[in-house]
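Numbering (my numbering), first residue to last: 6 to 144. Every residue gets a Cβ at the ideal spot worked out from N, C-alpha and C, and that includes glycine. Worksheet: one structure, shown below.
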């Protein structure tokens, strides 16, 4: 899999508090790992959208990683709200995540990110346009 990387993403991570940056880089690794494991995914684009690290694929839905200084101990992974991805995550994974409506999963610095369920969610987003017609997005 080819990773097309915008150097501005590194600047964004450097602008965050160290603990937050480390945790977001952990989510980034899950995105990269999931992309590498996704059959047929040839290219992942890492860029900046809305001031946040964003990940795009030809057949996927944008994933963003973010942090807000107004909630300093929380970091998040965002999905496009019109896709139904987060609603599907709720049905499949229940309350193992803290959800915000149909657009985000939030974590605090005290949380351990459950890697395999998170990778499953990421995989659905990376393949969204291939699986959107399937019940529970193929989960």
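(1) Just verifying my parser: in three-state terms, what is the DSSP assignment at residue 108?
(2) Could you check which residue in 95, 56, 27, 99 has the C-alpha nearest to that of residue 13?
(3) Excluding the 5 residues preceding and the 5 following residue 46 in the sequence, name in chain order all residues of the same chain whose CB lies nearer than 7 Å to its CB.
(4) Quick one: using the 10 Å Cβ neighbour count with 16 as the cut-off for buried, is residue 101 buried or exposed?
(5) Are at least three pairs of beta-carbons, each pair with one atom in the region 134-141 and one in the region 112-123, less than 8 Å apart?
(6) If you follow the alpha helix (DSSP H) that residue 88 is in, where does it begin and where does it stop?
This is what the structure gives:
(1) By 1-based counting over the chain shown, the position of residue 108 is 103. Coil at residue 108, not helix or strand.
(2) By 1-based counting over the chain shown, the position of residue 13 is 8. The shortest Cα separation from residue 13 among 95, 56, 27, 99 belongs to 56.
(3) Here residue 46 refers to the residue found at position 41 when the chain shown is read from its first residue. Excluding sequence neighbours, residue 46 sits near 6, 40, 62, 131.
(4) Counted from its first residue, the chain shown places residue 101 at position 96. Under a 10 Å Cβ-count criterion, residue 101 is classified as exposed, with fewer than 16 other Cβ atoms of the shown protein chains found around its own Cβ.
(5) Counting C-beta pairs closer than 8 Å gives fewer than three between the region 134-141 and the region 112-123, which falls short of the contact rule.
(6) Within the chain shown, residue 88 is the residue found at index 83, counting from 1. Looking at the DSSP string, residue 88 is not in any alpha helix (DSSP H), and its letter there is neither H nor E.
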